[in-house]
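Chemist: Here's a structure for you.
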Amino acid sequence: MGSLMRRSALLLVLAFLAVAAVPAARAQQNFDKVVITPVKLADGLWMLTGGGGNLLLCAGPDGALMVDAQYAALAPRILAAVGSLGGGRPLRFVVNTHYHGDHVGGDSAMAAAGAAIVAHENVRRRMSVDRFNETFGTTTKAAPAAALPVLTFADSLTFHLNGREIRVFHLPPAHTDGDAVVWLPAANVLHTGDLLFNGTYPVIDVSAGGSIGGMIRALDRLLPLVGPATRIVPGHGPLADRAALLRFRSMLVTVRDRLTKLAKERKSLDQVMAAKPLADLDPVWGGGFMKPDLFLRVVYTDLSRTTRPGTPAR
Numbered sequence: 002m003g004s005l006m007r008r009s010a011l012l013l014v015l016a017f018l019a020v021a022a023v024p025a026a027r028a029q030q031n032f033d034k035v036v037i038t039p040v041k042l043a044d045g046l047w048m049l050t051g052g053g054g055n056l057l058l059c060a061g062p063d064g065a066l067m068v069d070a071q072y073a074a075l076a077p078r079i080l081a082a083v084g085s086l087g088g089g090r091p092l093r094f095v096v097n098t099h100y101h102g103d104h105v106g107g108d109s110a111m112a113a114a115g116a117a118i119v120a121h122e123n124v125r126r127r128m129s130v131d132r133f134n135e136t137f138g139t140t141t142k143a144a145p146a147a148a149l150p151v152l153t154f155a156d157s158l159t160f161h162l163n164g165r166e167i168r169v170f171h172l173p174p175a176h177t178d179g180d181a182v183v184w185l186p187a188a189n190v191l192h193t194g195d196l197l198f199n200g201t202y203p204v205i206d207v208s209a210g211g212s213i214g215g216m217i218r219a220l221d222r223l224l225p226l227v228g229p230a231t232r233i234v235p236g237h238g239p240l241a242d243r244a245a246l247l248r249f250r251s252m253l254v255t256v257r258d259r260l261t262k263l264a265k266e267r268k269s270l271d272q273v274m275a276a277k278p279l280a281d282l283d284p285v286w287g288g289g290f291m292k293p294d295l296f297l298r299v300v301y302t303d304l305s306r307t308t309r310p311g312t313p314a315r
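According to our numbering, the sequence shown is numbered sequentially starting from 2.
Shown next as structure tokens:
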């Protein structure tokens with residue numbers, strides 16, 4: 002009992018430290034009523050929803066692997082779900098799809114529970130220092146050492162766990178410069194991280210190398226993997242399929258083309274905001290975390306910088 006109490010106390014301390022490391026806009030959320038809900042994809046494979054980015058759990062005789070970790074405050078509930086679904090077997094690995102707090106906030110607690118944190122090398126680099134998010138105007142403090150990935154990769158790696166081949170690979174800058182996707186070919190399941198916001202405008206972290214052009218190129222790289230029966234775990238939103246991915250891509254292309262035209266015409270941001278060039282899209286895509294005016298402002302500001310003569314396209 003004493004050991005259990007000490008472990009619980011450690012999880013609470015680590016949860017506090019990790020919450021302090023996420024942007025203020027997210028850290029102030031009330032998690033009291035958040036429920037971790039499993040969606041079964043196959044035997045030993047679930048999507049878990051809760052209060053941050055969607056999770057993917059692979060559990061079986063070899064233990065469990067989870068993709069992303071949501072917020073620190075939810076770690077006890079997530080660990081309870083992992084234990085219940087996995088028959089009490091240990092959580093061995095957590096793979097981060099990128100560095101944002103709603104995906105890595107629980108890393109400290111997962112590491113304290115015995116999991117090895119795995120991510121692209123840029124994720125560890127960004128988590129290791131204070132960083133400014135231009136989109137939200139917030140500064141996030143460096144993550145505690147206990148939260149940092151202990152295994153990093155530059156291009157790809159493959160897990161062989163519970164009879165499954167779990168491929169993790171990096172894509173060029175899109176949502177951030179550390180984006181990783183997780184592909185289970187035999188199960189026909191793909192976790193995109195925040196390369197897909199199913200049904201809403203995405204967050205594009207231009208401060209970390211993200212761009213709307215990079216998002217579109219990343220989706221083009223993923224489409225050959227995705228067939229009509231592929232189940233896609235998006236970073237945010239309900240379980241998706243190829244049709245949802247194509248709708249999201251089509252929206253991004255429309256936004257990019259409309260705003261690039263205005264940027265080449267040297268329209269000011271105020272002129273563009275007043276013209277509401279995405280008014281027909283806003284009712285469909287603007288109901289998520291990224292509200293229409295902020296999405297328009299971020300994408301247009303970035304495109305205005307990158308459409309100047311001699312500036313490489315993003």
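C-beta atoms are modelled at their ideal positions from N, C-alpha and C, and glycine is treated no differently.
This one's a predicted model, so the numbers in the text were calculated from it and none came from an experiment.
DSSP three-state call for Ser157: helix, strand or coil?
Modeler: On the sequence shown, residue 157 is found 156 positions in, with the first residue counted as 1. In this structure, Ser157 counts as strand in the three-state DSSP scheme.
Chemist: Using the Cα positions of Val254 and Ile217, report the straight-line distance between them to the nearest angstrom.
Modeler: For the purposes of this step, residue 254 is identified with residue 253 of the sequence shown, where counting begins at 1. For the purposes of this step, residue 217 is identified with residue 216 of the sequence shown, where counting begins at 1. Using only the alpha carbons, I get a separation of about 7 Å.
Chemist: Among Ile233, Phe296, Arg243, Asp294, which has the Cα closest to the Cα of Val40?
Modeler: Mapped onto the sequence shown, residue 40 falls at position 39. Per the Cα distances, Ile233.
Chemist: From Val36, Gly164, Phe154, pick the residue whose C-alpha is nearest to that of Phe170; which is it?
Modeler: Walking along the sequence shown from the start, residue 170 turns up at place 169. That would be Phe154, whose Cα lies nearest to the Cα of Phe170.
Chemist: Would you kindly work out how many angstroms separate the C-alpha atoms of Pro91 and Arg248, rounded to a whole number?
Modeler: The residue you call residue 91 lines up with position 90 of the sequence shown. The residue you call residue 248 lines up with position 247 of the sequence shown. Rounded to the nearest angstrom, the two C-alpha atoms are 38 Å apart.
Chemist: I'd like the span of the alpha helix (DSSP H) that includes Glu122, first residue to last.
Modeler: Numbered from its first residue, the sequence shown carries residue 122 at position 121. Element bounds for Glu122: 122 to 128.
Chemist: Among the residues of its own chain, which have a CB less than 6 Å from the CB of Ala209, if the five just before and after it don't count?
Modeler: The count along the sequence shown starts at 1 and reaches residue 209 at position 208. Result list for Ala209: Thr177, Asp178, in chain order.
Chemist: What does DSSP give as the partner residues of Ile233 in its beta bridges?
Modeler: Reading the sequence shown from its first residue, position 232 is the one you call residue 233. Ile233 is bridged to Leu191, Ala241.
Chemist: Taking all protein chains shown into account, decide if Thr261 is buried (16 or more other Cβ within 10 angstroms of its Cβ) or exposed.
Modeler: Here residue 261 refers to the residue found at position 260 when the sequence shown is read from its first residue. Buried, because 16 or more other Cβ atoms sit within 10 Å of the Cβ of Thr261.
Chemist: By DSSP's criteria, Leu185 is part of a beta bridge. Which residues make up the other side?
Modeler: In the sequence shown, residue 185 corresponds to position 184, counting from 1. Val190, per the DSSP bridge assignment.
Chemist: Reducing DSSP to helix, strand and coil, say where Leu172 ends up.
Modeler: What you label residue 172 is simply residue 171 of the sequence shown in a count that begins at 1. The answer is coil: DSSP assigns Leu172 none of H, G, I, E or B.
Chemist: Let me know if Gly88 comes out buried or exposed under the rule of 16 or more other beta-carbons within 10 Å of its beta-carbon.
Modeler: Sequence index remark: in the sequence shown, residue 88 carries index 87 (1-based). Per the 10 Å Cβ criterion, exposed.
Chemist: Do the region 90 to 109 and the region 192 to 202 touch if we need at least three Cβ pairs shorter than 8 Å?
Modeler: With the cut-off at 8 Å, the region 90 to 109 and the region 192 to 202 touch.
Chemist: Cβ atoms of Ala70 and Met128: under 8 Å apart, would you say?
Modeler: Residue 128 sits at position 127 when you count from the first residue of the sequence shown. Residue 70 sits at position 69 when you count from the first residue of the sequence shown. It is not a contact, given that the beta carbons lie outside the stated cut-off.
Chemist: Would you kindly work out how many angstroms separate the C-alpha atoms of Val83 and Leu58, rounded to a whole number?
Modeler: Here residue 83 is taken as the residue at index 82 of the sequence shown, counted from 1. Here residue 58 is taken as the residue at index 57 of the sequence shown, counted from 1. Looking at the two C-alpha atoms, the distance is approximately 8 Å.
Chemist: Once you ignore the five residues that flank Lys277 on each side, which residues in its own chain have a CB closer than 6 Å to its CB?
Modeler: Numbered from 1 along the sequence shown, position 276 holds the residue referred to as residue 277. Taken in chain order, the list of residues that qualify is empty.
Chemist: Buried or exposed, going by whether 16 or more other CB atoms sit within 10 Å of the CB of Ala65?
Modeler: Counting from one through the sequence shown, the residue named residue 65 turns up at place 64. It is buried - the Cβ of Ala65 has at least 16 other Cβ atoms within 10 Å.
Chemist: Let me know if Gly347 comes out buried or exposed under the rule of 16 or more other beta-carbons within 10 Å of its beta-carbon.
Modeler: An answer regarding residue 347 cannot be provided, because it is not within the stretch 2 to 315 covered by the chain.
Chemist: How many angstroms separate the CA atom of Asn97 from the CA atom of Val68?
Modeler: Locating residue 97 in the sequence shown gives position 96, where the first residue counts as 1. Locating residue 68 in the sequence shown gives position 67, where the first residue counts as 1. Going from the Cα of Asn97 to the Cα of Val68 covers about 6 Å.
Chemist: Using the Cα positions of Lys265 and Trp286, report the straight-line distance between them to the nearest angstrom.
Modeler: Here residue 265 refers to the residue found at position 264 of the sequence shown. Here residue 286 refers to the residue found at position 285 of the sequence shown. Distance between the alpha carbons of Lys265 and Trp286: 25 Å.
Chemist: Give me the Cα-Cα distance between Ala114 and Ala81, rounded to the nearest whole angstrom.
Modeler: Counting from 1 along the sequence shown, the entry for residue 114 is found at position 113. Counting from 1 along the sequence shown, the entry for residue 81 is found at position 80. Distance between the alpha carbons of Ala114 and Ala81: 11 Å.
Chemist: Tell me the residue span of the beta strand (DSSP E) that contains Val300.
Modeler: Here residue 300 refers to the residue found at position 299 of the sequence shown. From DSSP, Val300 is part of no beta strand (DSSP E) but of the alpha helix (DSSP H) over 293 to 307.
Chemist: Go through its chain and collect everything with a Cβ distance to Arg222's Cβ below 8 Å, but skip five positions before and after it.
Modeler: By 1-based counting over the sequence shown, the position of residue 222 is 221. For Arg222, where only same-chain residues beyond five positions count, the Cβ hits under 8 Å are Leu172.
Chemist: Taking the alpha-carbon positions, what's the Thr38 to Leu49 distance?
Modeler: For the purposes of this step, residue 38 is identified with residue 37 of the sequence shown, where counting begins at 1. For the purposes of this step, residue 49 is identified with residue 48 of the sequence shown, where counting begins at 1. Approximately 5 Å, taken between the alpha carbons.
Chemist: Going by the beta-carbon positions, is the gap between Asp108 and Val119 smaller than 8 Å?
Modeler: Taking the sequence shown and counting its residues from 1, the one referred to as residue 108 is at position 107. Taking the sequence shown and counting its residues from 1, the one referred to as residue 119 is at position 118. Cβ distance not < 8 Å, so Asp108 and Val119 don't count as in contact.
Chemist: Apart from the five residues just before and just after Pro235, which ones in its own chain have a Cβ nearer than 7 Å to its Cβ?
Modeler: Along the sequence shown, read from residue 1 onward, the residue named residue 235 stands at position 234. Cβ neighbours of Pro235 beyond the five flanking positions: Asn55, Thr193, Leu197, Phe198, Asn199, Ala241.
Chemist: Any idea which residues DSSP pairs Ile167 with across the strands?
Modeler: Indexing the sequence shown from 1 puts residue 167 at position 166. DSSP lists Phe160 as partners of Ile167.
Chemist: State the beta-bridge partners of Pro39 as determined by DSSP.
Modeler: On the sequence shown, position 38 is the one that residue 39 refers to. DSSP output for Pro39 lists Leu49 as bridge partner(s).
Chemist: I'd like to check one pair, Ala60 with Leu42: are the Cβ atoms closer than 8 Å?
Modeler: Translated into the one-based positions of the sequence shown, residue 42 becomes position 41. Translated into the one-based positions of the sequence shown, residue 60 becomes position 59. In this structure, Ala60 does not lie closer than 8 Å to Leu42 by Cβ.
Chemist: Are the beta-carbon atoms of Gln75 and Ala117 separated by less than 8 Å?
Modeler: Taking the sequence shown and counting its residues from 1, the one referred to as residue 75 is at position 74. Taking the sequence shown and counting its residues from 1, the one referred to as residue 117 is at position 116. Reading the sequence as shown, one finds Leu at residue 75 and not Gln. The answer is no: Cβ separation not under 8 Å.
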